[in-house]
Every structure is written in C-alpha cells, then in structure tokens.
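Chains A and E are the protein sequences, given in the same order. If you count the first sequence from 1, position 212 lands on 283 in my numbering, and the numbers rise without skipping. If you count the second sequence from 1, position 401 lands on 867 in my numbering, and the numbers rise without skipping.
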Amino acid sequence: MSDNDRKEAKGGNGVSAPPVQKLSRKDFQSEVDPRWCPGCGDYSILAQVQKVLPELGIPKEKFVFVSGIGCSSRFPYYLSTYGFHGIHGRAPAIATGLKMTRPELSVWVVTGDGDALSIGGNHIIHTLRKNVDVKVLMFNNRIYGLTKGQYSPTSELGKKAKSTPYGSIDAPFNPLLLALGAGATFVARTIDVEPLHMQQVIQRAAVHKGSAFVEVFQNCNVFNDGAYLSITEKPVKDEMQLRLEHGKPLLFAKGKKGIRLNGFRAQAVTLGNGVSEKDILVYDERAEASLSVLLAEMQPPSHPMPIGVFRAVDRPVHHELEISQRQAVLKSKGQGSLAELLGSGDTWVVS
Amino acid sequence: MTASKVPVRKGRVVKRELFGIAPGPEGARENMQTQRPAEGSQSRPKKIEEVSTVTIRFAGDSGDGMQLTGSEFTRASAVAGNDLQTFPDYPAEIRAPAGTVPGVSGFQLQFSSQPVYTSGDQPDVLVAMNPAALKSNLPDLVPGGLLIINTGAFNEINLGKAGYPSNPLTDDSLSKYRTHLIDITQLTELALKDSGLSSKEVGRAKNMFALGLMLFMYGRPTEPTQRYLREKFGHKPEILSGNEKALMAGFHFAETAEMFAATYRVRKAAIAPGRYRNVSGNESVALGIIAATKLSGLQGFLGSYPITPASEILHELSRHKNFDFSTFQAEDEIAAMCAAIGAAFGGSLSFTTTSGPGMALKQEAIGLAVMTELPVVIVNVQRGGPSTGLPTKTEQADLLQAVYGRNGECPVPVLAPNSPSDCFEVILEASRLAIRYMTPVIVLTDGYIANGQEPWLIPDVSKLEPFPVKFRTEPKGYQVYQRDPSSLARDWVRPGTPGLEHRVGGLEKDFLSGMVSYDPHNHEKMVRVRAEKVARVAQSYQPTEVHGDSSGDLLVIAWGSTYGAVYQAAENVRAKGRSISHVHLRYIHPLPGDLGAIIKRFKRVVVPEMNLGQLLKVIREATLVDAKGIHKVQGKPFKVAELTARFEECF
C-alpha cells in the first residue's frame, strides 16, 4: 500500500503534527491502477490534483475525497487519501455531513456533469448556497460516459447520442451560471489539456474559504470525442481562450484582442483602430456577481471561452457559523446536562 | 343562534341565559363509574364523585387551540398523579376551512387511578367547541356521556358548514347524553371586555375558558397552566393576562354557575415511585438521541428534512446545541440520510428522522450505509400511506419497506418501541446495536406514539450504561473489511487518523482489503457475511417476554404502538377464562431467536396490526406457522373493545 510509503511524521489520532518531510505526488497515488479509458481527460485531472495536494501543507490524512457515480466519481479510488465513493448525485450531501462534524478536514467532492447537474442538482445548489467548505471538482464532458453515451444536462441542443438519435431537444445548463446563481463564493473553470492552468485553479480552490466550484472541461474520447477541440486546438486556442486574471485586462489572442463593456454586453474587440488597452475591461473576481455572470455567459463563436477564476469572494462559512452558534448557546446555557434535560419541564414525584 | 334561544328542558332552572343543561338518560355509565348528577340540583356542586378512569376528548376548529387545552389538562392530570395516555388528532392542513368537518382538531386523553395502556376507546366526556366538532365526534361519545357544547359557535353559518340540516341543540339528537350548553364564546368575551385585546385575540382565549371549566370539574389546580402561560406569554403581558383571565373565568364559572351537580376526582394511580414527567414519542426519541450521544461519548449529528409527523424531533434536537450535537435541516430526505452517512464516516453518532414517504426516498442511501458498514440510526415515524396518504394519521404499514426495502440483498436491523416513553429505551438500544455491529438500524414509531403522551419515570442518568466507542488508530495490519469474530463488525476509523487512509463506497469490495472487487465468489461471500452480521444482532437481545401463560390456545403477536390496546384486550379475554397470551415484539428484524419455540407452544397465532398483514407475512415466512391477521387501516389506533371482540372470535 502506498500508505506504507508515507514519509511524514505521524501525529495522534486526527491531530497530526505538521509533516516533517514534504509530501510528493507519489504520496497521493493509490495502489489501484486507474481504469479510465486510455486517452481520457480524467487522467490529467488526477495528475494535477496529485501535484497540487502535496503543496498545500495539509497532512495527507486530513484530506477526504467524496464522489458520486460516473467515470469521474472513481477518482477517490485512485488517490491514497481517505475517500468515499457515494451514490449517484449525493456526494455534496455526504460531504456536508462530514464537514459539519469534522471541520478540520479538507473535504473535496469529485463529480461530473450528470452527477452534479442532473441527479444531484438539488444537492449541489444547496451546498453552494450554504457555503459549505467543500471543494467541488466537476468534470464536464457533456455526455454520460459510464452508462455508455447518453446526452447529459450540459450536452448542446441537437446533440445526437444514444438516447437522442434525432438530436437533443433540451437546452443545456451553463454550470457556472448555475453555481453563481446558487451563491457560490468561488467559481472557476479550467481545461483537462491545460495542466498548469488547472493546477493554479485547483490550488486557488483549495485555499478558498467556503464552497469552491470548479468546472473542468474534460474530453471523453470514447463517447464525445473532441467536444472542446474548437477551443483547445493549438492553432485556435489563443483566439478562443480568454484567461481571467484578477486585476488584469481581459485580453486574448496574444493581447491583440480584448473584451470591453458595451452597455450591459461584453463585446470582443480587436485592439487598434481607436480601441486601446484602456478600453478593455479589467477583471475583478471580487466584484458584483453580475460581472462574473457576464463572463460566464460568454462562449464561442461570438466570444472566446473564459477560463480561470470567475469569482472569489468571502462570505460566512457554513461550519464556522454553526460552530459560533453552538459556542454562543454553550456560553448562554452552559454545557448541557443530560440529567437536567431529562428532568426538564413539569415533573412530579410519586412516593 | 345565541344560547338564549336554546330551549331548556324539563323546567331546569337556568341561572343565566348563557348556558343550559340538558338532562341525560337514566342509568349510570359503566366506564366512567359515576352517578348522573342529581336532578335539579341548584346548590353549588358540593358532591364530589370518585371515578377510576375517565376519557375526555376536546374537539374544536383547528384554530380553536384544542391541542393546547388538551395538553394542559394532561399536564394537570399528570401532576395530580394519574396514570394517563393521550392522543391528539388534528387535520393535515394548517388551517383547513374554518368551521368545516375536515378542519376539526381533537385531543383525547384517558386518565386513571389504575394503569392506563391506551388513550381510551371512546370518550366519556366530549367538549365540542363548534358544530363541526360536535358532528364529527359525537358518534364516539359513550351513551350517557357528558357533553359540553360551546353554543356561541352554533350559528346558521357554522351549522351549514358542518352540514347540519337542523340545529342539533334544538332537536332530539342530544337526548342520549348529559348535555351542558354553555356560550363559551360570549362568556370569554365578557371576561375579557376590558382587557384591551382585539376581538380576534379574545376569540383565541376561549380554549382557556374551556380548560378552566374542565380543570374545576376534575378538581385540578390551575397553577401548572398559569405557569405555562407565564413562560409562553411572559413577553406579551396583555395576552398573558387575557389568557389567565379566561382560564380563571372558566374555572370560577364552573364553580359558581351551579351547573355541574357534581365534580369528579380521579385518585392517584399506584405507579412506581420516582420523579415523573409527561413525554410524547417524538420528545422521547429526541431525548434518547441526546442520551445515546452522551453515552457513546461521540459527537452527535442529525440530518433531517421536515415531514409530518416527525418534524418535532428535529425541532427538539435543534434546541440542544450545548450538547455537542449538530442538527442539519437538509435540502431533501436523501440529503438528510447522506449527510448522516457522511457524519458517520467522520466518526459521529448519526441519526436521521422521517416518515413513510421520506423513508422511501432514503432507501438507496440506507443501502450505501449497509455497504460501507457505517452506523446510522434511522427513525421512521409511520403515517398513513401510500404516497402522501394520511400525513397526520397513524399506521404501521412501513414494516415491509423497513425490513425488505432497498435494492439487492440489504438486511438492516429493525426495532419498534411500544409506547411514547419506550422510544427513549429503543433509541439507546438502536444506537448501541448500530455501533456494535457497524450497521444502519431502523426504528419504527408511528403517529400514535409520536404525538401521544404518557407519564415517564425519568431515568437515573447514572444508571444508564455508557457504550464508549473505540476507533481504530493502529495502522499496522489494517484491512478495511477485517471483522470482529463475534459481531462481524469492521473497524471504525476516523478520517484524520494517520496511516489508515482508505476508501469505502457503494461498489462491492474485497472481503478483506476493501478494494473494489467484481469477483463472483467474493460478492456472494460479502452478501452472506452482511446477512450473517445482521442475523447476529439477535444475539444481543433479551429473552422474549410472554404476557400470560407461556403455552396455551391463542398467542397474540403484535408490535409497536398497538401495545396498550392489545395488552388490555388480551387481559380482558383472559379474565373471561380464555387461554390467551401476548408477545409484543421490539425486534422486527432479525426476529428474536426464541420466538419460534414460543409459537410452537400455542395452538393458534393471531397478529393484529394497523396494516394488511405485514408482520404477519414476516412471521409466517420465518416460522411457517399458519398465523392469522387482524387488520385495521383507518388512520386510527385499535380500540380495546374491537380487539377484545376479535380475540374472542378466535376461540
């Protein structure tokens, strides 16, 4: 077991001493060989997570990865942390119960577009609304992979899949708009084939206090191959990707193009011909949610696809509110006495 | 119509226009064991009659506050030392159309100087606050019973809403009963005319008037209610004073109006010495959960979603944040169960509470707890089903979904308390079993137990046995599904423990290592070991108790809230010389190991249930005995008389 490879000092039960020796990627590889299809985008996500986790300064035993059902949800088996492979769609609820009772743990949810937005839609919105301190990695391949190729809630209109031979008639969800609408305090997007970018985004999500929602564009090379080619192919990617960076102008195409506000619309413009960099919108991930919404609505072909951190704001965190409420009650009522509780209300003595 | 128009019969002297007395029929009433009030008595009621057992039902519009009247009368009776049981009966709608029959809310209690096992078959006394309440409850009142009617509500509109073609106060329809006609509405208004309260607020206080009336009638003190009012309305002095005035007005009215020829006394019951309180099943579950948390030494967690009739457990537990206990009102039933599983994975003692429809939603997740072998106690407060069914009514029709629900071979221990106070014990036991066997455990209560109240001998905390948990912390040799040889439980490991990082989940796992396994023989082995583990839960049971002889002609096997009615009915039949015994099962799954041998000692077995024969199926399947069922699916508990008759038919 890779557990045996652990080089760090071991602390007491649940209260580890800081690691003496830095953890490495290898420390987070489990003994189970991933069984995703060869060429699946999930491999890259696993690799980036395994690179980021050792950098966070958190003892390995404090990580818990919770998942639902789907290809993405096999993720916990391939990490050597504590893991819980749940049932379809319910990972956020399982993670919420865990985080509420064990706030010192770093709790992650690994899910997919079907798991999070279809069967688990209710759980994801409420987890984000409550600002439960869990990190959600949602692999979006716009297809049901594990059940072998039905359209998903993020499949494009007209999608031909096994259950939609004549094309899907259902409009897709925009996961980021959903997350923003639910009040998520951290919303980001990255792409399986952009490993460095993914690492940065995952790192930001990991250190965020509160719910973090990260959509990862992920290619399913078996059932929906090339879903993101139009934004990831080398010749087009500079034109088609817009990297959001806090405090920096929204430039893309190697700085030749940018996004400016035209009334309430975000407009892609080419610099020059009277358009200069100062016309370009400077991104502020802490601004009103409406700016994030504006960016989240942008998509090709009229706009480049924004990736990066759309929103990162502070809002009271669920478990902190719970703890402070409990402390306040404790202060006003004192530690509960079972004997007093059982004997409360009107009592009488029979002799 | 106003009360003054009510004709008064047989020349009875009416001291005020606000009330009248209709004489009752000849003959003493068996059940109440009282004499009829002396005819024509005009003096103050000096006569105090002793009665052993009384059943009173308070009925009114759901906005009339009858639940409060009932529970306050209960409190006073309990403090007076009676044994008692109560049962509220209220509509599902928060405010069904006022004045209609569906909007009637009732509260029944039986109190006695003898042991009380049920809330009473039929009321001896009915307090009807409006025509609809009279219409829907009068058929239950025993012939010759005492009927107290608020005539102030008997106007044409209300009579029409209740569907009365003619006024029952003026025709002959009440002649079977000893009827007291009192304009409670107007008397309350008079009592509160200078109180500064709005007419709506005054209207709301008439339940206190009615309560005062009944407290006097049974010689109960008003102080417990006054204390309650001060606690509840202390911050609203005018409302407090209005309610107190109405209460005392009712009390003094009964005392001075010379309308009741006698008052009644029910002596203290001979019950075990000690300190008592009243407890409902839902309260008892909540207290059990806090106690189990303390005794386990763990942090406690409840994931729950509001549902009738289970919500009070969530409410009660939410108040006790100073007990190292967290409550989580989840986004839905599934999330409530899943959050409980997450908390259990984290090392908490976790619970979820629900009712039938919510139970159905939780089933897949309960399967996950079975597969991951984590302790969670699931409380299902059963109600009338299927689907939304009868949310506020009681039923026992979730036994099969508890025992057999879920996909795959998915055994779960199932326990059932037999009374409100028994919930406390059963929750402690369910928690112990869940931890000892690392399994979810289902507890089946129902609407009757949940809302019914009875006196509870407050347990001595120092005598409750702790069941501390030992988490595994030793990494050496750890295997996820390595089992205790006796209980077959796996080790419980808290995330955060270095060196014990592992993965669990819903996929089938290797018998030892816990790695995902599709091996066919491994799967069968795991299915069998999970079944064997749950079967071994029975090794922790106490021997099954048989009420009556240990062998004979008829064995009655029942479970859950029918305990009181079955017990009393079996006693009645036995008193007539029949050979009848009663086993009340606390353990529904697995069944107690000694049940088969007990059954063999009887010629016939009968299983009364508030369903179409669910325990019956389980028992027939387990023992191959040709047991017969007695069924009632009316949203109402069995009556003692019904069961007595049915048991007699078995001979």
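The beta-carbon is built from N, C-alpha and C at its ideal position, and this holds for glycine as well.
Count the other CB atoms, across all protein chains shown, that sit within 10 Å of the CB of A:ASN132; report buried if there are 16 or more and exposed otherwise. The displayed chain sequence assigns Glu, not Asn, to residue 132 of chain A. So A:GLU132 ends up on the buried side.
Roughly how many angstroms separate the alpha carbons of A:ARG336 and A:LEU365, rounded to a whole number? 7 angstroms
Same chain only: Cβ atoms within 7 angstroms of A:GLY281, ignoring 5 sequence neighbours per side: ASN202, ASP204, THR256, PHE257, ARG386 and VAL388
State the DSSP-derived secondary structure class of E:GLN652, mapped to helix, strand or coil. helix
Are A:MET209 and A:GLU310 close, meaning C-beta to C-beta below 8 angstroms? no
Just the C-alpha distance for E:SER602 and E:MET680, rounded to the nearest angstrom, thanks. 21 angstroms
In chain order, what residues of the same chain have a beta carbon less than 7 angstroms from the beta carbon of E:CYS876, not counting five sequence neighbours either side? GLY833 and VAL836
Limits of the unbroken beta strand (DSSP E) element including A:MET376: 376-383
Spatial neighbours of E:ALA752 in its chain, beta-carbon cut-off 6 angstroms, leaving aside the 5 residues before and after: ILE779, GLU782 and LEU783
Could you tell me the alpha carbon to alpha carbon distance between E:ASN744 and E:LEU966, rounded to whole angstroms? 47 angstroms
If contact is defined by three or more beta carbon pairs under 8 angstroms, each pair taking one atom from either stretch, is the stretch 388-404 of chain A in contact with the stretch 769-777 of chain E? no
Rounded C-alpha distance that separates E:ASP912 from E:HIS786: 24 angstroms
Positions along the stretch 967-979 of chain E whose CB lies within less than 8 angstroms of some CB in chain A: GLU967, HIS968, ARG969, VAL970, GLY971, GLY972 and LEU973
Cα-Cα separation between E:GLY1030 and A:ILE140, rounded to whole angstroms: 47 angstroms
Suppose only complete runs of 3+ residues qualify. What are the beta strand (DSSP E) ranges in the stretch 659-731 of chain E, listed by chain order? none
A:GLU132 versus chain E: which residues are under 9 angstroms apart at the beta carbon? PRO961, GLY962, THR963, PRO964, GLY965, LEU966 and GLU967
In chain order, what residues of the stretch 276-299 of chain A put their CB closer than 9 angstroms to some CB of chain E? none
Using alpha carbons as the reference points, say which of A:SER363, A:ILE240 and A:ALA259 lies closest to A:GLU227. A:ILE240
For a cutoff of 8 angstroms on Cβ pairs, would you count E:GLU830 as touching chain A? yes
Which word fits E:GLU492, buried or exposed, when buried means at least 16 other C-beta atoms lie within 10 angstroms of its C-beta? For E:GLU492, the pLDDT reaches just 39, beneath the cut-off of 50, and the residue's location in the model is therefore unreliable, leaving the point undetermined.
By the 10 Å Cβ neighbour count, where 16 or more other Cβ atoms means buried, how is E:THR636 classified, buried or exposed? exposed
Can you pull the chain A residues whose beta carbon is under 7 angstroms from the beta carbon of E:MET981, in chain order? VAL103
Within-8 angstroms CB hit, E:PRO925 to chain A: yes
Whole angstroms are fine: how far does the CA of A:ASN295 sit from the CA of E:LEU974? The sequence as given places Glu at residue 974 of chain E; Leu does not occur at that position. Taking the straight line from one Cα to the other gives about 29 angstroms.
Neighbouring residues, chain A, relative to E:GLY812 (Cβ below 7 angstroms): LEU169, THR172 and ARG173
Give the secondary structure of E:LYS1094 by DSSP, where H, G and I count as helix, E and B as strand, and everything else as coil. strand
Under the three-state DSSP convention, the category A:HIS317 falls into: coil
Delimiting residues of the beta strand (DSSP E) encompassing E:THR552: 549-555
For E:GLY708, tell me which candidate among E:ALA776, E:GLY536, E:VAL668 and E:LYS1105 has the shortest Cα-Cα distance. E:VAL668
3 or more residues per run - each beta strand (DSSP E) lying fully within the stretch 964-1008 of chain E: 969-971
Taking the DSSP output, what are the residues bridged to A:SER95? In DSSP, A:SER95 forms no bridge with anything.
Note down, in chain order, all residues in the stretch 774-788 of chain E with a beta-carbon under 8 angstroms from any beta-carbon belonging to chain A. HIS786, LYS787 and ASN788
Nearest to E:GLU516 by alpha carbon, out of E:LEU550, E:GLN795 and E:SER579? E:SER579
Runs of 3 residues minimum, wholly inside the stretch 331-375 of chain A: which ones carry the beta strand (DSSP E) assignment? 336-341
Let's test the definition: count the other Cβ atoms within 10 Å of the Cβ of A:LYS308 and tell me whether it reaches 16, buried, or not, exposed. buried
Given a cut-off of 8 angstroms on the beta-carbon distance, is the pair E:VAL927 and A:LEU409 in contact? yes
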